[in-house]
C-alpha cells in the first residue's frame, strides 16, 4: 500500500471522527475501496476516489488523498501480509483485518458507520512482534 485516500462527512464546520470511505492504493495503481453498505455490511470493491461534494443542508463530503488520519497511515509503504474477514450468514461481511509487518488494522461496519482501528498484536515470548509470516 503506497497511498491512501479517505472521505469525511463535514457538517456545520465539524468533521466526523470516522471516515465514510477509504481507498488503499498499491504501487500498480489498484484502488481497494472500503465502505459500509446500505444494509450495514462492510463493502470492499475496486473503484477510484470520487470528488468532494456538497449535500446542502446535510453538510458535505470531503475527500482527502494521502490522508494521515486513519489507522492505515502508519502502514503506508508496507505490504499486506494477511487478510481475514468476519461475516454473518444473514448480513454478509461485517469486518476485515489486514496484517502488515508493522501491525494490523481492522475495518468494520458498526451501526452502519465505518470503523477503522489499530489491531494490537501480542508480542512473542522473545519480545518481538509477530510479522504475519509463517
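Numbering (our numbering), first residue to last: 93 to 226. Glycine included, every Cβ here is placed at the ideal spot set by N, Cα and C.
Counted within 10 angstroms of its Cβ, other Cβ atoms place residue 191 as buried (16 or more) or exposed: buried
Among 176, 202, 197, nearest to residue 183 - alpha-carbon criterion: 202
Residue 197 vs residue 163 beta-carbon contact at 9 Å: yes
Interface flag, residue 153 vs chain C, CB-CB below 9 Å: The chain labelled as chain C is not found in the depicted structure, where only one protein chain is given.
Element boundaries [beta strand (DSSP E), containing residue 186]: 184-192
Residue 224, DSSP secondary structure in three states: Annotation note: pLDDT 44 at residue 224 (below 50); position unreliable, coordinate value reported separately. Reduced to three states, the DSSP call for residue 224 is coil.
Nearest-angstrom Cα separation, counted from residue 117 out to residue 124: 6 Å
Per-residue burial, residue 216 [other beta carbons within 10 Å of its own, 16 or more giving buried]: With a pLDDT of 44 at residue 216, under the threshold of 50, the modelled position of this residue cannot be trusted, and the question is left open.
Reduced DSSP secondary structure (H/G/I, E/B, other) of residue 93: coil
Given residue 121 as reference, the closest of 173, 138, 106 once Cα atoms are compared: 138
C-beta contact flag for residue 158 and residue 99 at 9 Å: no
Three-way DSSP call (helix, strand, coil) for residue 168 in this model: coil
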